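Accompanying notes for the structure given below.
2 protein chains.
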Amino acid sequence: MSISVLKFGGTSVKNISRIHHVADVIAQCDSKKCVVVVSAMGDTTDHLYNLAKQCATIPNKRELDLLLATGEQVSIALLALTLQEKGINAKSYTGSQIGITTDDSHSTARILDVCRETLKNALQEHDVIVVAGFQGLSESGEITTLGRGGSDTTAVALAAACEADTCDIYTDVDGIFTTDPNKIPEAQILPSICYDEVLELARVGAQVLHPRAVELAKEYNLQVRVRNTFKPNHTGTIINGETKVERIRKVSGIAVDGNQAHVTFVGVPLDFPFIGTTLDCLSKQNVSVDMVSQSIDFATRTKCVSLAIKYEDVDCALLSLEELKTSCAAKELVVDTEVAKVSVIGSGLGNSHQTSAQILSVLEDHSLYVKLLYCGESRISCLIPLSAANHATALLHREFRLHEHCSNDLVLTA
Amino acid sequence: MSISVLKFGGTSVKNISRIHHVADVIAQCDSKKCVVVVSAMGDTTDHLYNLAKQCATIPNKRELDLLLATGEQVSIALLALTLQEKGINAKSYTGSQIGITTDDSHSTARILDVCRETLKNALQEHDVIVVAGFQGLSESGEITTLGRGGSDTTAVALAAACEADTCDIYTDVDGIFTTDPNKIPEAQILPSICYDEVLELARVGAQVLHPRAVELAKEYNLQVRVRNTFKPNHTGTIINGETKVERIRKVSGIAVDGNQAHVTFVGVPLDFPFIGTTLDCLSKQNVSVDMVSQSIDFATRTKCVSLAIKYEDVDCALLSLEELKTSCAAKELVVDTEVAKVSVIGSGLGNSHQTSAQILSVLEDHSLYVKLLYCGESRISCLIPLSAANHATALLHREFRLHEHCSNDLVLTA
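For the record, the sequence lines run as chains A and B. In terms of this note's numbering, the first sequence opens at residue 1181 and continues consecutively. In terms of this note's numbering, the second sequence opens at residue 1181 and continues consecutively.
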């Protein structure tokens, strides 16, 4: 029995006419059976959240989940009705009804289990089952939600549970691009990308798919396709594991995150265990640090410590940073928010020192100086002045030949 | 442990500011524990129904129930959040979560059971539990709704299950009036009315409370109060069983239903079993007949048969009525839609022939001739010309002294 999982995001079911369009896309699916996962219509979730904020300053998360879960419940009923009207044997299921069990972390719940028996029976009785994304039921019987983008995770979890042949994430973009096409017109759609690269993209703010969904897909080695609801003939981008043959393409894409802050402590006494103390102190406030560097001046027996945090964390972190400065008697604390993190994504970058050298020299050739550098397994990030972000991206995009048509760069095994 | 049940209708929770007001009303409740039942916000149910109608010509009732049930789920979450913000130990429950089991008649489900254990535990853990009205879970695990006004039924069922001390139905009117105050300015609020009278009011179209809720209240001999959300100091109208002392008031109110049609067959052969055949034929089409009369002309050996049906049933009934006329060779079929049914409501009217005589003579004194008459246990209805409806109501209202202050008319036992 061939089974397809199709997930449609909020913009795809924004209004009744789009729901009719989505029903047409489903009707044209070749598979014998379809599992369709939908998000809430348009900005319903934001609207409901705003209502909650008018009732309580910090809304209780259990009540909030009960409230937000209604958004998807509306979508599934309307889509099921539309499919039935087209003569399709369809039925809708809430997360609870299809047997999605989560832990009890309201608003960020993790799927613990999908009842294969329930799913199997539903697929035996109906050709299309329409499932509410983003939600589940905790073991204590409470309605939970998986957090923003959680419908992607629902789709992948269901695809794994029913051993689906395909799992297509329909959205309002054509696929995953080499970089933001709104800023770099040369950006190309990637025909394929691997799990780790997508996870790195999410980590640096270019969220194309919910990270938990990618992790799950990787765990089950499940191929996921990102495609445009309104261009059903486009192939989109396939997300899968590493290809079996040697990769020709080293770099898959470039992501820019302009919401960064560069924090520098000048004149920290050499013997003070500064980095450890700082990271410990920031992590207690849920402030994550991506890049750190330290330079030592043996003449004055001081060091200069520099780190990057998210722009929105600055307010929260500043008080502790000031206290740290005082406690270690550092000379100066400088916070620069006019910075951006430009990240080059590609699995296997960690094996090639050549790439980081290539990045630094391209940028320096154009007088763009890197304030901080991070080299990871699948990502190299540079902190540079915000004003230079687009220029740097364009240079690197061309340097790694991402403007050339990508489809021949990878030999796909799928 | 004193328990109060409070039910708030859609207009009472129409927007966030009204939800805050409702939370204040609840906060002022004297009882130790409160069970609060809420409807969907404002016209949410109509809005959702309209969306469904844009998806399917005749929406599947199972999907429709799943859709409509979200309305109340939104209300309970928002009200619970608002109560929590005021420091009240509150929690929301969907119909399913509080253990309301119904039959599987989607859109008109009947409550089969309320889980006393779940309700008891909820009330032990929380001071206020906010329950979604109008909905339940069928034994096969499907979400069901109880039909329009079903939240009243939820409130009464919960009040019976937790043996509540009071059950107050908060709405946007001051209580139950002797007749429509918009048409007869002399109309008064009834301090109390008995179950049968409210059921008769519902039967003639003046629905103040869902009939199923009244039946349940009668079954459990549970006193229900109808009161205004926006005038919490007003006492409203108490609905209960017959008072122990003899009733002083004979008539409680007068209801007018302008959506009626008067159907007359002239010259029906005397030996044709006309009434039985007609009622049988109409009931098959779900057309109910309230009043029937027959007069015989022995000279021509024919009869004239006259009946009242609802205005909206005319289209549906007309074809069969025409066929009936042909099959029995009646001379004429006349349908008059310019009629109204004026009903005098009062329990024990059936024991007093005097009242119907009194009604007929008052109307005839003013040249208002009754086309059809129905005398029941708690109701006497007259079909009269539509143009005379307000005049007739005013005459009868004064004849039965309903304009006088009602509060002394009944000795309450409550």
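Where a beta carbon is used, it is the ideal one built from N, C-alpha and C, also for glycine. Only a predicted model underlies this, so the values are computations on that prediction, with no experimental measurement involved.
Checklist entry - Whose Cβ in chain A lies nearer than 8 Å to the Cβ of residue 1265(B)? => result The residue labelled residue 1265(B) in the question sits at position 85 within the second sequence. Correct list: 1235, 1236, 1237.
Checklist entry - Are the Cβ atoms of residue 1283(A) and residue 1322(A) separated by less than 8 Å? => result Stepping through the first sequence from its first residue, residue 1283(A) is reached at position 103. Stepping through the first sequence from its first residue, residue 1322(A) is reached at position 142. It is not a contact, given that the beta carbons lie outside the stated cut-off.
Next on the checklist: Does any residue of chain B have a CB that is nearer than 8 Å to the CB of residue 1196(A)?
Outcome noted: Working through the first sequence from its first residue, we reach residue 1196(A) at position 16. By this cut-off, residue 1196(A) is an interface position.
Checklist entry - Got a sec: is the Cβ-Cβ distance from residue 1246(A) to anything in chain B below 8 Å? => result Working through the first sequence from its first residue, we reach residue 1246(A) at position 66. It does: the Cβ of residue 1246(A) has a partner Cβ on chain B nearer than 8 Å.
Checklist entry - Do residue 1302(A) and residue 1278(A) come within 8 Å of each other at the CB atom, strictly closer than that value? => result Here residue 1278(A) refers to the residue found at position 98 of the first sequence. Here residue 1302(A) refers to the residue found at position 122 of the first sequence. Closer than 8 Å, so yes.
Item to check | Same chain, Cβ closer than 7 Å to residue 1345(B), neighbours up to 5 away in sequence not counted | outcome: Working through the second sequence from its first residue, we reach residue 1345(B) at position 165. Excluding positions up to five away in sequence, the list reads 1182, 1183, 1184, 1211.
Item to check | Residue from 1363(A), 1432(A), 1230(A), 1315(A) with nearest C-alpha to residue 1356(A) | outcome: Taking the first residue of the first sequence as 1, we reach residue 1356(A) at position 176. Here the closest residue by C-alpha is 1432(A).
Checklist entry - Should residue 1350(A) be labelled buried (16 or more other beta-carbon atoms within 10 Å of its own) or exposed? => result Working through the first sequence from its first residue, we reach residue 1350(A) at position 170. By the neighbour-count criterion, in which 16 or more other beta carbons inside 10 Å mark a residue as buried, residue 1350(A) falls on the buried side.
Next on the checklist: Taking 6 Å as the limit between beta carbons, can you name the residues of its chain near residue 1419(A), skipping five residues before and five after?
Outcome noted: Counting from one through the first sequence, the residue named residue 1419(A) turns up at place 239. Closer than 6 Å at the Cβ level, and outside the excluded window around residue 1419(A), lie 1373, 1378, 1404.
Checklist entry - Quick one: is residue 1186(A) buried, meaning 16 or more other Cβ sit within 10 Å of its Cβ, or exposed? => result The sequence position of residue 1186(A) within the first sequence is 6, counting from 1. In this structure residue 1186(A) is buried. Its beta-carbon is surrounded by 16 or more other beta-carbon atoms within 10 angstroms.
Item to check | Beta-carbon proximity list for residue 1326(A), same chain, < 6 Å, skipping 5 on both sides | outcome: In the first sequence, residue 1326(A) corresponds to position 146, counting from 1. 1289, 1314, 1333, listed in sequence order.
Checklist entry - What is the C-beta distance between residue 1465(A) and residue 1236(B), in whole angstroms, given that I count them as a contact (C-beta under 8 Å)? => result Residue mapping note: residue 1465(A) aligns to position 285 of the first sequence, counting from 1. Residue mapping note: residue 1236(B) aligns to position 56 of the second sequence, counting from 1. Contact flag wrong, Cβ pair sits at about 51 Å.
Checklist entry - Taking residue 1281(A) as the reference, which of 1298(A), 1207(A), 1487(A) has the closest Cα? => result As a first step, residue 1281(A) is located in the first sequence; it is residue number 101 there, counting from the start. With distances taken between Cα atoms, residue 1281(A) lies closest to 1298(A).
Checklist entry - Roughly how many angstroms separate the alpha carbons of residue 1472(B) and residue 1329(B), rounded to a whole number? => result The sequence position of residue 1472(B) within the second sequence is 292, counting from 1. The sequence position of residue 1329(B) within the second sequence is 149, counting from 1. Cα to Cα, residue 1472(B) sits roughly 30 Å from residue 1329(B).
Item to check | Through-space distance from residue 1547(A) to residue 1365(A), alpha-carbon basis | outcome: Locating residue 1365(A) in the first sequence gives position 185, where the first residue counts as 1. Locating residue 1547(A) in the first sequence gives position 367, where the first residue counts as 1. Cα to Cα, residue 1365(A) sits roughly 23 Å from residue 1547(A).
Item to check | Proximal residues of chain B, C-beta to C-beta of residue 1253(A) below 8 Å | outcome: On the first sequence, position 73 is the one that residue 1253(A) refers to. Near residue 1253(A) (Cβ distances below 8 Å), the residues of chain B are 1246, 1247, 1249, 1250, 1253.
Checklist entry - Using a Cβ cut-off of 7 Å, which residues of the segment 1196-1221 of chain B contact any Cβ in chain A, in chain order? => result 1196, 1199
Next on the checklist: So residue 1258(A) and residue 1199(A) are supposed to be a Cβ contact under 8 Å. How far apart are they, rounded?
Outcome noted: Here residue 1258(A) is taken as the residue at index 78 of the first sequence, counted from 1. Here residue 1199(A) is taken as the residue at index 19 of the first sequence, counted from 1. Contact holds; Cβ gap of about 6 Å.
Checklist entry - For residue 1443(B) versus residue 1515(B), is the C-beta spacing smaller than 8 Å? => result Taking the first residue of the second sequence as 1, we reach residue 1443(B) at position 263. Taking the first residue of the second sequence as 1, we reach residue 1515(B) at position 335. If you check the CB distance, residue 1443(B) and residue 1515(B) come in under 8 Å.
Item to check | Rounded C-alpha distance that separates residue 1532(A) from residue 1506(A) | outcome: Sequence index remark: in the first sequence, residue 1532(A) carries index 352 (1-based). Sequence index remark: in the first sequence, residue 1506(A) carries index 326 (1-based). Rounded to the nearest angstrom, the two C-alpha atoms are 41 Å apart.
Next on the checklist: Which residue wins for smallest C-alpha separation from residue 1286(A), given the options 1239(A), 1252(A), 1251(A)?
Outcome noted: Along the first sequence, read from residue 1 onward, the residue named residue 1286(A) stands at position 106. With distances taken between Cα atoms, residue 1286(A) lies closest to 1239(A).
Item to check | Cβ-based neighbour list, residue 1400(A), same chain, cut-off 7 Å, excluding 5 preceding and 5 following | outcome: Working through the first sequence from its first residue, we reach residue 1400(A) at position 220. Excluding residues within five positions, the ones whose Cβ falls inside 7 Å are 1340.
Item to check | is_contact[residue 1588(B), chain A] using C-beta, thresh 8 Å | outcome: Counted from its first residue, the second sequence places residue 1588(B) at position 408. Unreliable placement is indicated for residue 1588(B), whose pLDDT of 38 sits below 50; the coordinate value is still reported in the next sentence. So, not an interface residue.
Next on the checklist: Distance cutoff 8 Å, beta carbons only. Does residue 1243(B) sit that close to anything in chain A?
Outcome noted: Translated into the one-based positions of the second sequence, residue 1243(B) becomes position 63. With its beta carbon less than 8 Å from one in chain A, residue 1243(B) belongs to the interface.
Item to check | Residues of the segment 1339-1353 of chain B whose Cβ lies closer than 8 Å to any Cβ of chain A, in chain order | outcome: none
Item to check | Neighbour-count burial assignment, residue 1424(A), 16 or more Cβ in a 10 Å radius | outcome: Here residue 1424(A) corresponds to residue number 244 of the first sequence, with the count starting at 1. Model confidence at residue 1424(A) stands at a pLDDT of 48, short of 50, so the residue's coordinates are unreliable and nothing is read from them.
Checklist entry - Nearest to residue 1643(B) by alpha carbon, out of 1410(B), 1342(B), 1448(B)? => result Lying before the first or after the last residue shown, residue 1643(B) is absent from chain B, which here runs from 1181 to 1594.
Checklist entry - Quick one: does residue 1240(B) have its CB under 8 Å from some CB of chain A? => result Position 60 of the second sequence, counted from the start, is the residue given in the question as residue 1240(B). Yes, because at least one Cβ of chain A sits closer than 8 Å to the Cβ of residue 1240(B).
Item to check | Reference residue 1512(A), options 1543(A), 1486(A), 1232(A), closest by Cα | outcome: Reading the first sequence from its first residue, position 332 is the one you call residue 1512(A). Comparing Cα-Cα distances from residue 1512(A) to each of 1543(A), 1486(A), 1232(A), the minimum goes to 1486(A).
Item to check | Collapsed DSSP secondary structure at residue 1319(A) in the structure displayed | outcome: Sequence index remark: in the first sequence, residue 1319(A) carries index 139 (1-based). Here residue 1319(A) sits in coil by DSSP.
Checklist entry - chain B partners of residue 1261(A), CB-CB under 7 Å? => result Counting from one through the first sequence, the residue named residue 1261(A) turns up at place 81. Correct list: 1232, 1235, 1236, 1239, 1240, 1243.
Checklist entry - Under the DSSP definition of a beta bridge, which residues are partnered with residue 1270(B)? => result Start at 1 with the first residue of the second sequence, and residue 1270(B) comes out as number 90. Paired residues: 1308(B).
Checklist entry - Among 1453(B), 1408(B), 1416(B), 1434(B), which has the Cα closest to the Cα of residue 1382(B)? => result As a position in the second sequence, residue 1382(B) is number 202, starting the count at 1. For the residues 1453(B), 1408(B), 1416(B), 1434(B), the minimum Cα distance to residue 1382(B) belongs to 1434(B).
Checklist entry - If you drop the 5 nearest sequence neighbours on each side, which residues of the same chain put their C-beta closer than 8 Å to that of residue 1570(A)? => result Position 390 of the first sequence, counted from the first residue, corresponds to residue 1570(A). So the qualifying residues of the chain are 1363, 1364, 1436.
Checklist entry - List, in order along the chain, the chain C residues whose C-beta lies closer than 8 Å to that of residue 1272(A)? => result You won't find chain C in this structure, because its protein chains are A and B.
Checklist entry - Roughly how many angstroms lie between the CA atoms of residue 1388(B) and residue 1480(B), to the nearest whole one? => result The count along the second sequence starts at 1 and reaches residue 1388(B) at position 208. The count along the second sequence starts at 1 and reaches residue 1480(B) at position 300. Rounded to the nearest angstrom, the two C-alpha atoms are 48 Å apart.
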